[in-house]
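So the structure is just underneath, and the comments pick up after that.
Numbering (our numbering), first residue to last: 1094 to 1359.
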């Protein structure tokens, strides 16, 4: 398989400092030729942008404020202003999405209102700057659906990163806008309930992702994840849908190219 896209890679993270060049080479050799890099907060912006400058043909940056960077952070409004500054006057590189944004009440629900304000603000910016969003949701499905429903009909588009919810949630979110759903290593886990959901999802609604260095697929579960492991996810989806891995690769790549405005590979 060639021309695969990892729509969610933190290859700029410190976990890759010792061997990033080798990790990138392995990804390309595995057919994963393009990586979308989500922002977290100002502590890692330069790392992300430097990685994109080092691999301009392979790495493409997003900009946004992650929900967990809002928690217990007296500077969250300043962080949000930094994001707006980048969007208003981007560096030499363009941003391909506003992400990674969303809601995460797993660690704490004490900052619920701040997270909701930050999330809604960034959704409005997505409409203002005509960019897709990449949405993180953890322990906040009901609240997420409510927010997305409130934007119905306004042209919001994007990807629900690490989607692992029910078919009903998939159908509800799909009706609320132009959305795709990121499928990662969890799909390969034994007895993963996501498998049945993916069987019932349309291939035209799916994109592939690793979220590396996290959520490593089988057979490497327990190790550091890499973008080069995308083929394991692709093959598992093909198995579940009883189609070829090449067809999954072709369709998911087309989906990602359309959503992020990437040029089709030659």
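Using N, Cα and C, we set each Cβ at its ideal position, and we do this for glycine too.
_Stretch pair the stretch 1166-1185 + the stretch 1227-1241: three plus CB contacts closer than 8 Å_ = no
*Determine the closest residue to residue 1302 out of 1292, 1223, 1324 and 1118, with distance taken between C-alpha atoms.*
1324
*So, using beta-carbon positions, are residue 1243 and residue 1099 closer together than 9 Å?*
no
_Contact defined as beta carbons within less than 8 Å: I believe residue 1105 pairs with residue 1144. What is the distance between those atoms, to the nearest angstrom?_
4 Å
_I'd like to know if the stretch 1211-1218 and the stretch 1236-1250 are in contact, where contact means that at least 3 CB-CB pairs between them fall below 8 Å._
yes
*Out of 1280, 1247, 1113 and 1311, point me to the one whose CA is closest to residue 1334's CA.*
1280
_Contacting residues, own chain, Cβ-Cβ under 7 Å from residue 1338 (five flanking each side not counted)_ = 1094, 1327, 1328 and 1331
*Exposure label - residue 1193; buried when at least 16 CB within 10 Å*: buried
*Starting from the Cα of residue 1149, find the closest Cα among 1129, 1165 and 1226 and give me that residue.*
1129
*Alpha carbon to alpha carbon, how far is residue 1289 from residue 1258?*
11 Å
*Host alpha helix (DSSP H) of residue 1298 (start-end)*: No alpha helix (DSSP H) holds residue 1298; DSSP gives it neither H nor E.
*Looking only at its own chain, which residues have a Cβ that is under 6 Å from the Cβ of residue 1245, when we skip the five neighbours before and after it?*
1269
*May I ask which residues mark the beginning and end of the beta strand (DSSP E) holding residue 1163?*
Looking at the DSSP string, residue 1163 is not in any beta strand (DSSP E), and its letter there is neither H nor E.
*Any chance you could list the beta strand (DSSP E) runs of at least 3 consecutive residues sitting entirely within the stretch 1242-1321, in chain order?*
1250-1253, 1271-1276 and 1299-1301
_Can you tell me whether residue 1099 is helix, strand or coil according to DSSP?_
strand
_For residue 1267, which residues in the same chain have their Cβ closer than 7 Å to its Cβ, ignoring the five residues on either side in sequence?_
1298
*asked:* Assuming contact is defined by CB atoms lying nearer than 9 Å, are residue 1039 and residue 1236 in contact in what I supplied?
replied: This structure gives no information on residue 1039, because the portion of the chain shown stretches from 1094 to 1359.
*So, using beta-carbon positions, are residue 1249 and residue 1271 closer together than 9 Å?*
yes
*asked:* Suppose you measure from the CA of residue 1224 to the CA of residue 1351; what does that come to, to the nearest Å?
replied: 12 Å
*asked:* I believe residue 1177 touches residue 1162 by the beta-carbon criterion, under 8 Å. Please report the beta-carbon distance rounded to the nearest angstrom.
replied: So it is not a contact: roughly 15 Å between Cβ atoms.
*State the DSSP-derived secondary structure class of residue 1324, mapped to helix, strand or coil.*
helix
_Boundaries (first-last residue) of the beta strand (DSSP E) holding residue 1130_ = 1125-1130
*Tell me the DSSP bridge mates of residue 1231?*
1197
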